[in-house]
Amino acid sequence: MAVKKKKIGAAGRLGAGYGKPKERLNVVEQKQRVKQVCPFCGKTAKRKAKGVWNCKKCGKIFTGGTFYLQA
Ligand SMILES: [Zn+2]
Numbered sequence: 123m124a125v126k127k128k129k130i131g132a133a134g135r136l137g138a139g140y141g142k143p144k145e146r147l148n149v150v151e152q153k154q155r156v157k158q159v160c161p162f163c164g165k166t167a168k169r170k171a172k173g174v175w176n177c178k179k180c181g182k183i184f185t186g187g188t189f190y191l192q193a
């Protein structure tokens with residue numbers, strides 16, 4: 123095995139274990155794992171579609187980042 127799967131974290135489950143796209147995937151997935159907080163009520167918001175977020179608590183639908191709300 124030439125691939126350093128440990129080093130690339132969550133991206134290790136996919137194909138080749140090297141290259142920039144894998145590093146970027148890790149960054150995105152780490153941000154996705156943290157709670158996405160609704161800017162209106164502070165509760166957890168859900169991603170409805172790309173860049174569209176829906177808060178169950180206050181019923182608001184708003185735009186945000188494609189994969190996560192705040193950086
Ligand atoms: Zn809300």
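For the sequence shown, our numbering begins at 123 and goes up steadily by one.
Using N, Cα and C, we set each Cβ at its ideal position, and we do this for glycine too.
Within the same chain, and ignoring the five residues on either side of K168 in sequence, the residues whose Cβ sits closer than 6 Å to its Cβ are N176.
In the DSSP assignment, K168 falls within the beta strand (DSSP E) that extends over 167-171. Taken in chain order, the stretch 141-166 contains no complete beta strand (DSSP E) segment of 3 residues or longer.
Between ligand 1 and K168, a heavy atom-to-CB distance of less than 7 Å is absent.
With a beta-carbon spacing of about 7 Å, K153 and F189 fall inside the 8 Å limit used to define contacts. Just measuring C-alpha positions, the residue of A133, G173, T166 sitting nearest K179 is T166.
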